[in-house]
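Each number in my numbering corresponds to the 1-based position in the sequence shown with 55 added.
The structure appears below as structure tokens.
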Amino acid sequence: MQQSTYEKGLQRLKEVDDIAGEKVIDSLADISPDLGRYVIEFGFGEIYSRPGLTLQQRELATVAALTAMGTAQPQLKVHLAAALNVGLSRLEITETIMQMALYAGFPAALNGMFAAKEVFAEHDRLDRSESGGH
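Now the structure itself:
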């Protein structure tokens, strides 16, 4: 039996965002569950599941776009965590953000870099707590 677009999207969302993506979808349940379903079906079941780009390439493109927008800090933070989750290095992420200074301006790049700083610190904090603080 063929997997539904929703099921395929949920699986891809878990691969990319782990629990952060699920939290975003859950936060929509009481106000707009349909929007959450669209994110899963279209965003992850259709777009993120297409061939042609790796998950790392998709996340770099997403980080670049959200940085350039300059108005999507919560979404940028989710995708910065996803970028780490799919194996991108901090250097790859910060260089992508820095590249946006050329195209989106210094304020957008600075905001992106400060978001990355927060996400990296949280990632380090979680790593320390999972390893028993060592």
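Note that beta-carbon positions come from the ideal geometry of N, C-alpha and C, so glycine has one too.
Cβ-based neighbour list, residue i, same chain, cut-off 6 Å, excluding 5 preceding and 5 following
i: ARG180; result: none
i: PHE99; result: GLY64, ARG67 and LEU68
i: SER104; result: LYS63 and ARG67
i: LYS132; result: ALA170 and VAL174
Closest residue to residue i among the options (Cα-Cα distance)
i: ALA163; options: GLN130, ALA137, SER144 and MET124; result: MET124
i: LEU165; options: VAL174, GLU173 and MET153; result: MET153
i: GLY142; options: LEU157, GLU70 and TYR61; result: GLU70
8 Å CB neighbourhood of residue i in its chain, flanking five on each side removed
i: ALA84; result: GLY91
i: THR149; result: MET168 and ALA171
Distance between residue j and residue i (C-alpha atoms, nearest Å)
i: THR126; j: SER59; result: 33 Å
Distance cut-off 8 Å: residue i Cβ against heavy atoms of the ligand ATP
i: LYS132; result: Absence of the ligand ATP from the depicted structure is noted, as is the absence of any ligand whatsoever, leaving it without description.
* To do: Quick one: which unbroken alpha helix (DSSP H) runs of 4-plus residues sit fully inside the stretch 108-152? Chain order, please.
  => 110-124 and 128-140
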